[in-house]
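Asker: The structure is given below, and queries will be raised subsequently.
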Amino acid sequence: MVVTRWWRGLQARREEAAVARRAIPDDLWKRTLVRYPFLLRRDPADGAELRRLTSLFLDRKEFTAAGGLRLTDAMVVAIAAQAVLPVLRLGLARYDGFVGIVVHPDQVNARRAVADEQGVVHEYDEALAGEAVDGGPVMLSWRDVRSAGRDGLAYNVVIHEFAHVLDFASGGLAWQAALHDEYERFRARVDACHDVDTTDADFDDVIDPYGAVAPQEFFAVASEAFFVCPQRLQAEHAALYPQLAAFYRQDPAAETPAPRRRG
Ligand SMILES: [Zn+2]
């Protein structure tokens, strides 16, 4: 229809204007890719799309600094580029359910309360590296954002929290059935590891043992491994990898340059 074509044309012009408004300087973009090498793509078209979505993300979302932190361009570009990686093929509209991103200098203590089987409420403090709530702002600890991609670990708080955002957007249904068996197997392995009186440090897996806490946490930590250490995830979790590849419509093990071997 003509109207549809006219509307699409208008949308495309608006996006073009937003990308121009929020253009990322070449040197800043290059530094971001060096600092977070899992953002690199073999196909230049994918790399250009990641940069375009990063500009659009910066245009649509509001960053707020908390706790005396001073946000720089390098910081917001680092967060935005990692945030849009999961939606490279799914589209930025998946993130329409929220606007704000609050960045703290470090982890934030949150007071939690749980009721036990007798109904007695226990309060405790939980240190949060990040938090995503349905419809609300995404909270991130800059210290944790900055540590991403170091030491060859999959740990990535931005991808973790934005996997939760995607989860809210899809009602959790898109992946839960597919990942259910993988989750149960993973949880059994983490439990067995604890049974023999070892710590999480002895659990040798590219997926963080935190994934055993709940299916949605398994999805979030598996997503970190999928984007940050895809070759390792594919080698260690041959059945899980293609399911995440189908969900994200990406194949980072093939689409990213192979990681350099460390000394
Ligand atoms: Zn989580």
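Count along the sequence shown from 1, then add 67; that gives the number in our numbering.
Where is the CB? At the ideal position from N, CA and C, for every residue including glycine.
This one's a predicted model, so the numbers in the text were calculated from it and none came from an experiment.
Let me make sure I understand the geometry here. Which of Q301, P204, A148, K97 has the alpha-carbon closest to that of F130?
Answerer: Within the sequence shown, numbered from 1, the residue matching residue 130 stands at position 63. Answer by Cα proximity: P204.
Asker: Can you say whether N176 is buried or exposed, counting buried as having 16 or more other CB atoms within 10 angstroms of its CB?
Answerer: Within the sequence shown, numbered from 1, the residue matching residue 176 stands at position 109. Per the 10 Å Cβ criterion, exposed.
Asker: Thinking C-beta only, is F293 closer than 8 angstroms to L246?
Answerer: Here residue 246 corresponds to residue number 179 of the sequence shown, with the count starting at 1. Here residue 293 corresponds to residue number 226 of the sequence shown, with the count starting at 1. Contact flag unset, no.
Asker: What are the start and end residues of each continuous alpha helix (DSSP H) run of 4 or more residues lying completely inside the segment 261-316, in chain order?
Answerer: 282-295, 297-303, 307-315
Asker: For ligand 1, any of its heavy atoms closer than 7 angstroms to the Cβ of H304?
Answerer: To locate residue 304, count along the sequence shown from 1; it is residue 237. False, no ligand heavy atom lies under 7 angstroms from that Cβ.
Asker: Pick helix, strand or coil for G238, following the three-state DSSP scheme.
Answerer: Along the sequence shown, one-based indexing puts residue 238 at 171. DSSP places G238 in coil when its eight states are reduced to three.
Asker: If contact is defined by three or more beta carbon pairs under 8 angstroms, each pair taking one atom from either stretch, is the segment 142-153 in contact with the segment 115-133?
Answerer: Contact check between the segment 115-133 and the segment 142-153: three or more CB pairs, one atom from each, fall below 8 angstroms, which counts as touching.
Asker: Could you tell me the boundaries of the alpha helix (DSSP H) in which E129 lies?
Answerer: Position 62 of the sequence shown, counted from the start, is the residue given in the question as residue 129. Counting along the chain, E129 falls outside any alpha helix (DSSP H), though it belongs to the beta strand (DSSP E) covering 129-132.
Asker: Select from V288, A230, G219 the residue whose C-alpha is nearest the C-alpha of F253.
Answerer: Reading the sequence shown from its first residue, position 186 is the one you call residue 253. For the set V288, A230, G219, the Cα lying nearest the Cα of F253 is the one of V288.
Asker: State buried or exposed for L95, treating a residue as buried only when at least 16 other CB atoms are found within 10 Å of its CB.
Answerer: For this step, residue 95 is matched to residue 28 along the sequence shown. The residue is exposed, with fewer than 16 neighbouring Cβ atoms inside 10 Å.
Asker: Starting from L89, trace the alpha helix (DSSP H) in both directions and tell me its first and last residue.
Answerer: The residue given as residue 89 occupies position 22 in the sequence shown. Checking the sequence shown, residue 89 turns out to be Arg, not Leu. From DSSP, R89 is part of no alpha helix (DSSP H); its letter is neither H nor E.
Asker: Do A194 and ligand 3 come close, with the Cβ less than 7 angstroms from some heavy atom?
Answerer: With respect to ligand 3, the structure shown offers nothing to examine, as its ligands consist of ligand 1.
Asker: My output table needs one value for V215: the three-state DSSP class, helix, strand or coil.
Answerer: Position 148 of the sequence shown, counted from the first residue, corresponds to residue 215. Note that residue 215 is Ala in the sequence shown, not Val. Note: A215 maps to coil in three-state DSSP.
Asker: Quick one: what's L220 bridged to in DSSP?
Answerer: For this step, residue 220 is matched to residue 153 along the sequence shown. Partner(s): none; L220 has no beta bridge.
Asker: Please check the pair D173 and R210, which I expect to be a contact at CB under 8 angstroms, by giving their CB distance rounded to whole angstroms.
Answerer: For the purposes of this step, residue 173 is identified with residue 106 of the sequence shown, where counting begins at 1. For the purposes of this step, residue 210 is identified with residue 143 of the sequence shown, where counting begins at 1. The C-beta separation of D173 from R210 comes to about 5 angstroms, placing the pair in contact by the 8 angstroms criterion.
Asker: For H189, count neighbouring Cβ atoms within 10 angstroms of its own Cβ and tell me buried if that reaches 16, exposed if not.
Answerer: Stepping through the sequence shown from its first residue, residue 189 is reached at position 122. Counting Cβ neighbours within 10 Å, H189 comes out exposed, since fewer than 16 surround it.
Asker: Please report the distance separating the alpha-carbon of A160 from that of V187.
Answerer: Locating residue 160 in the sequence shown gives position 93, counting from the first residue. Locating residue 187 in the sequence shown gives position 120, counting from the first residue. When rounded, the distance between both Cα atoms is 42 angstroms.
Asker: Can you tell me whether E291 sits near ligand 1, meaning its C-beta is under 7 angstroms from at least one heavy atom of the ligand?
Answerer: Here residue 291 is taken as the residue at index 224 of the sequence shown, counted from 1. When distances are taken from the beta-carbon of E291 to the heavy atoms of ligand 1, even the shortest one reaches 7 angstroms or more.
Asker: Just to be sure I understand the criterion: a residue counts if its Cβ is closer than 6 angstroms to at least one heavy atom of ligand 1. Which residues meet that?
Answerer: H227, H231, E284, A287
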